[in-house]
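K.L.:
Using numbering that gives the first Met the number 0, read the sequence shown as starting at 0 and increasing by one per residue.
Cβ coordinates follow ideal geometry from the N, Cα and C atoms, glycine included.
Here it is, the structure in full.
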Amino acid sequence: MSGRLAGKTAFITAAGHGIGRAAASAMAREGARVFATDISSDALASLAAEHSEIETFVLDVLKAEDVEQAPARVGAPDIVFNCAGYVHNGTILETTEERWDFSFDLNVKSQFRVLKAFLPLMLAKGGGSVINMASVASSVKGVPNRAVYSATKAAVIGLTKAVAADYVAEGIRCNAICPGTVDTPSLNERMRASGDYEAARKAFIARQPMGRLATADEIAPLIIYLASDESRFVTGQIHVIDGGWVM
């Protein structure tokens, strides 16, 4: 199969919905051998039904043992996309230690687990591209009611730069993407949970200068670029894709 990712193997977390699913589909179309993981077997079955060439398996990135076993199934990937995450809503005074710990476990430590599992294989292979999911709500921009979430995504940015610096001479590139507000199933769940879906949606749209939300398919091309050899001179960078939110 031809394509910008032909001959490459990709491993993706949280590939069942939203940006992860869009990335898995785009990578498959570009010729990559894609291993798509998620905690939802139903979401993975739906993805596999759309793309029979994508290999799927259930993976809970909160479980260290499960992540440690993933390389035995995947082998040495050329691309790792750490997409799993959780958005906590609230100020620091509205946050419990339990929510703080859960947010850091899922948003940051899961990436640590994945990198610990796959980096040795990538290094032995001669390199590869790591793409970490961060956010505009981080060290990039202060956003109301995102205290814990912003702290976790700022940590992802720091982790990204550290990995890039540590392995730049060994063929590993590590970059982060910082989306603005993207119309995904998880966002819609949060809007419904607010009690007033329409008001919540209008509020999310209002903070986007373009007057609309992004689609997951609009984020996927940036991920393809970072995964491909077209970005072979790009590492340690924070790629904002937010419709002008922080311009």
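Using 8 Å for Cβ pairs, my map puts I171 next to G126. What's the rounded Cβ distance?
P.N.:
The Cβ separation is near 6 Å, so the contact holds.
K.L.:
Can the beta-carbon of V57 be found closer than 7 Å to that of S40?
P.N.:
Going by C-beta atoms, V57 is nearer than 7 Å to S40.
K.L.:
Measure the CB-CB distance between P178 and I78 and report whether it falls below 7 Å.
P.N.:
Contact flag unset, no.
K.L.:
What three-state label does DSSP hand N131 in the structure shown?
P.N.:
Note: N131 maps to strand in three-state DSSP.
K.L.:
Give the DSSP bridge partners of R172, in chain order.
P.N.:
Answer by DSSP bridge pairing, in chain order: S128.
K.L.:
Name the residue from D195, C173, S193 whose alpha carbon lies nearest to the alpha carbon of F80.
P.N.:
Checked all of D195, C173, S193; the closest Cα to F80 is C173.
K.L.:
For a test of the three-state rule: what should DSSP assign to V107, helix, strand or coil?
P.N.:
If DSSP states are grouped into helix, strand and coil, V107 belongs with the helices.
K.L.:
To the nearest angstrom, how far is it from the Cα of S185 to the Cα of A150?
P.N.:
One C-alpha to the other measures close to 20 Å.
K.L.:
Can you tell which of M121, L118, T90, Y85 has the C-alpha that lies nearest to the C-alpha of V107?
P.N.:
Residue Y85 is the option with its Cα nearest to V107.
K.L.:
Beta-carbon within less than 6 Å of A153's beta-carbon, same chain only, minus the 5 sequence neighbours each way: which residues are those?
P.N.:
Excluding positions up to five away in sequence, the list reads S137, S138.
K.L.:
Which residue spans inside the segment 162-226 form an unbroken alpha helix (DSSP H) run of at least 4?
P.N.:
Complete alpha helix (DSSP H) runs here, min 4: 184-192, 196-205, 215-226.
K.L.:
Output yes or no for whether 7 Å exceeds the beta carbon distance between R200 and M209.
P.N.:
No, the Cβ-Cβ distance between R200 and M209 is not below 7 Å.
K.L.:
Once DSSP output is grouped into helix, strand and coil, what is the label at K140?
P.N.:
Note: K140 maps to strand in three-state DSSP.
K.L.:
Just to confirm, is the Cβ distance from A247 to T36 under 7 Å?
P.N.:
In the structure as shown, the chain starts at 0 and stops at 246, and residue 247 therefore has no counterpart that could be examined.
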